[in-house]
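Here the structure is laid out as structure tokens; the discussion comes afterwards.
Chains as they are written, first to last, in the numbering used here: chain A, 1 to 535; chain B, 1 to 191.
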């Protein structure tokens with residue numbers, strides 16, 4: 001084989017050793033990769049999100065894609081991708097938006113530009129250079145060998161013993177050629193498999209195993225659900241008069257995504273219970289789920305008949321709100337959902353979803369949410385329980401709860417929800433001063449939440465603490481005024497505090513403007529008139 | 001050529017063509033080694049990514065202020081003098097490290113701090129402990145603003161020229177070298 005080829009092989013071997021050594025000496029601690037926690041329900045969108053995430057580099061851990069990285073930034077970017085997918089953006093649009101913020105470096109497949117010419121073209125330049133070098137040296141050697149053979153026999157003998165490259169004839173030439181081609185193909189192949197500029201990241205083996213385990217678990221779950229469904233079906237056959245069996249069948253079918261069985265079971269249960277409101281609502285929900293979330297006409301009829309009889313049925317209320325939302329009647333949706341919020345227990349499982357929906361409806365309809373009565377706080381459920389006890393026990397229980405909460409709040413003064421609960425608890429305990437102080441803290445912790453400011457101000461006024469709390473009140477009013485200058489309850493409060501500060505003309509002006517916006521002949525309007533007159 | 005001279009040639013070992021590929025490899029490897037040593041000695045930082053904002057006007061998003069959740073701050077309002085915008089957080093260790101450098105820079109340039117994904121109470125603790133070199137402090141609770149700017153990790157510093165264009169980004173803490181060789185000359189250049 002030619003001396004150049006031999007040199008090439010030795011170099012390749014050395015380079016490989018160096019490469020392997022470098023990789024092994026570098027710390028290769030595999031991070032514990034987690035799956036994307038913010039998966040979308042829509043399978044198609046989710047798989048698009050995963051595909052997109054694989055093409056985007058995490059700028060913190062720069063050799064991982066955002067799909068594979070645990071970094072905070074990767075998580076943010078995954079969320080951003082999904083948010084835009086939900087908003088209907090195309091893959092290219094999403095990539096362009098992100099590239100507009102973070103630049104080409106974000107892309108695992110960078111476009112060809114002046115800054116990436118070297119990246120894309122250098123390997124080919126090196127390849128062509130190397131190939132031509134081999135071929136050139138090869139040619140000179142062969143010419144030299146042929147010349148040597150013709151002029152000087154001994155020379156040939158020596159060369160032949162040390163270097164088989166000089167053995168002439170068709171066979172050796174063929175070996176040379178194959179050797180050269182092999183080296184060239186191997187280097188090109190190595191580049192295309194491991195070195196290409198548009199290559200994605202190499203997810204950790206551990207990560208792949210995790211994905212497989214998750215897939216297996218999901219499979220297993222499907223089998224379990226199917227088995228549960230079969231058992232539930234059997235029970236309805238064994239004992240068809242037991243309504244509970246039919247409801248359980250509906251539940252098992254819902255878990256296993258078998259809408260038809262669920263609907264059938266609920267219809268049977270509805271007939272057996274002679275139109276029970278809860279069952280009817282569940283049926284309406286199942287019908288809507290089968291229609292891909294659209295509240296269908298039969299579902300609407302069911303909801304209407306339920307609400308006509310029991311206007312506070314939570315499931316029917318929720319669906320009625322959703323129906324209004326789907327009709328783009330946002331104010332109606334808002335009203336229904338807010339009603340549901342007011343009749344629900346604070347710790348009802350749907351409250352969080354409901355808050356989200358209310359916010360969505362308000363945003364979609366461009367409606368401010370005035371006077372959202374926050375009748376929430378886990379104390380509600382606890383207070384109900386406390387009503388069952390005797391007075392002393394009840395007081396002690398609430399007292400202890402409140403003290404624990406107060407201690408927790410001292411450590412974590414940013415927790416708006418906690419302050420709110422504390423304020424409400426103090427109110428129940430008949431400690432208005434503490435309640436006002438807690439609500440002021442809640443307002444301070446959420447300076448952008450107008451409701452919080454107003455609630456605290458109302459507490460200050462109703463507790464008769466307006467003189468002690470004048471500085472806090474003026475702070476809250478300043479914030480609230482900027483957030484919602486025209487809010488009616490705020491106009492009243494502003495007037496009240498203007499009066500306290502001795503600014504009677506301002507109080508007069510504020511209350512007058514409030515009075516103009518109020519329906520006449522209400523007791524409140526009368527009271528306000530009297531108050532204005534008293535100024 | 002005689003037998004003698006051929007033997008001599010063989011005794012001296014392989015000839016130049018044998019080394020040609022190796023020389024080629026060494027040239028390539030020397031590039032890589034230069035980059036590696038530059039990185040190790042701190043003169044080159046592969047984590048420093050170019051910012052898309054360079055040469056563009058500073059984003060005019062209103063930023064809520066730390067002391068008062070209602071009032072906002074708009075960076076375009078500061079046109080007419082150079083500005084240093086510093087994204088920081090109380091949970092970020094390098095931000096503590098660069099506190100002295102910022103204190104020194106505050107003598108030369110107006111610095112606007114932006115508390116990135118940080119609780120206001122923690123931010124205040126941080127400022128009490130490590131000093132407050134900022135002329136104003138904005139709040140980016142959820143990282144939305146950071147997304148607009150292309151922030152990929154705190155601390156990040158952006159130098160804005162007096163005409164309101166972004167001149168420079170430095171990702172990572174300001175150390176002595178960055179302070180003296182990058183930021184101070186750049187700030188002087190804007191004057």
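A virtual CB, placed ideally from N, CA and C, is assigned to each residue, including glycine.
{"Check": "For the segment 121-138 of chain B, which residues have a CB atom closer than 9 Å to at least one CB atom of chain A, in sequence order?", "Outcome": "121, 122"}
{"Check": "For residue 232/A versus residue 216/A, is the C-beta spacing smaller than 7 Å?", "Outcome": "no"}
{"Check": "Can you check whether the CB of residue 183/B is closer than 7 Å to the CB of residue 195/B?", "Outcome": "What is shown of chain B runs 1 to 191, which leaves residue 195/B out entirely."}
{"Check": "At a CB-CB cut-off below 9 Å, which residues of chain B make contact with residue 199/A?", "Outcome": "Correct list: empty, because the minimum Cβ distance to chain B is about 17 Å."}
{"Check": "What number of angstroms, rounded off, separates the C-alpha of residue 335/A from the C-alpha of residue 321/A?", "Outcome": "8 Å"}
{"Check": "Check distances from the C-beta atoms of the segment 36-52 of chain B to those of chain A and list, in chain order, the residues that come in under 8 Å.", "Outcome": "46, 47, 49, 50, 51, 52"}
{"Check": "Determine, using beta carbons only, whether residue 56/B comes closer than 7 Å to chain A.", "Outcome": "no"}
{"Check": "Expressed to the nearest angstrom, what Euclidean distance is found between the alpha-carbon atoms of residue 152/B and residue 128/B?", "Outcome": "26 Å"}
{"Check": "Does residue 376/A pass the burial test, meaning 16 or more other C-beta atoms within 10 Å, or should it be called exposed?", "Outcome": "With a pLDDT of only 42 at residue 376/A, under 50, the local geometry of the prediction cannot be trusted, and the value read off the model is given with reservation. When all chains shown are included, residue 376/A counts as buried."}
{"Check": "Residues of chain B with a CB under 9 Å from the CB of residue 80/A: which are they?", "Outcome": "147"}
{"Check": "On a CA-only basis, which of 523/A, 519/A, 520/A, 461/A is nearest residue 495/A? Give me that one, please.", "Outcome": "461/A"}
{"Check": "Among residues of its own chain, excluding the 5 on either side of residue 129/A, which ones have a beta-carbon nearer than 8 Å to its beta-carbon?", "Outcome": "none"}
{"Check": "Provide the residue span of the beta strand (DSSP E) that contains residue 169/B, from first to last.", "Outcome": "166-171"}
{"Check": "Whole angstroms are fine: how far does the CA of residue 294/A sit from the CA of residue 307/A?", "Outcome": "19 Å"}
{"Check": "Residue 15/A versus chain B: which residues are under 7 Å apart at the beta carbon?", "Outcome": "25"}
{"Check": "For residue 332/A versus residue 198/A, is the C-beta spacing smaller than 7 Å?", "Outcome": "no"}
{"Check": "Roughly how many angstroms separate the alpha carbons of residue 132/B and residue 84/B, rounded to a whole number?", "Outcome": "14 Å"}
{"Check": "Assign residue 360/A to one of three DSSP states: helix, strand, or coil.", "Outcome": "helix"}
{"Check": "Where do the ends of the alpha helix (DSSP H) carrying residue 455/A lie?", "Outcome": "450-462"}
{"Check": "Along chain B, in chain order, which residues have C-beta atoms closer than 9 Å to that of residue 40/A?", "Outcome": "Result: empty, since nearest Cβ-Cβ is about 20 Å, beyond 9 Å."}
{"Check": "Should residue 138/A go down as buried or exposed, given a rule of 16 or more other Cβ atoms within 10 Å for buried?", "Outcome": "buried"}
{"Check": "Examine chain B for any beta-carbon lying closer than 7 Å to the beta-carbon of residue 60/A, and answer yes or no.", "Outcome": "yes"}
{"Check": "Going straight from the alpha carbon of residue 453/A to that of residue 269/A, what length do you get?", "Outcome": "48 Å"}
{"Check": "Cβ atoms of residue 299/A and residue 288/A: under 7 Å apart, would you say?", "Outcome": "yes"}
{"Check": "First and last residue of the alpha helix (DSSP H) that includes residue 159/B?", "Outcome": "Looking at the DSSP string, residue 159/B is not in any alpha helix (DSSP H); the run it does join, the beta strand (DSSP E), is 156-160."}
{"Check": "Please list the segments of the alpha helix (DSSP H) lying wholly inside the segment 182-245 of chain A, counting only runs of 4 or more residues, in order along the chain.", "Outcome": "205-238"}
{"Check": "In three-state DSSP terms, what is residue 60/A?", "Outcome": "coil"}
{"Check": "Secondary structure at residue 70/A, three-state DSSP: helix, strand or coil?", "Outcome": "coil"}
{"Check": "Taking beta-carbon pairs under 7 Å, can you tell me which members of the segment 406-422 of chain A lie near chain B?", "Outcome": "413, 414"}
{"Check": "Let me check one thing: in DSSP terms, what residues is residue 114/B bridge-paired to?", "Outcome": "87/B, 138/B"}
{"Check": "Return the residue from the list 265/A, 532/A, 45/A, 436/A that minimises the CA-CA distance to residue 241/A.", "Outcome": "265/A"}
{"Check": "At the 7 Å Cβ level, is residue 116/B part of the contact set with chain A, yes or no?", "Outcome": "no"}
{"Check": "Would residue 282/A pass as an interface residue toward chain B - the criterion being a Cβ-Cβ separation below 7 Å?", "Outcome": "no"}
{"Check": "If the cut is a Cβ gap below 8 Å, which residues of chain A does residue 152/B touch?", "Outcome": "59, 60, 73, 102"}
{"Check": "Going along the chain, which residues of its own chain have a beta-carbon closer than 6 Å to the beta-carbon of residue 250/A, five neighbours each way excluded?", "Outcome": "262, 265, 266"}
{"Check": "Please report the Cβ distance between residue 110/B and residue 78/B, rounded to the nearest whole angstrom; I am assuming they are in contact, meaning their Cβ atoms lie under 8 Å.", "Outcome": "7 Å"}
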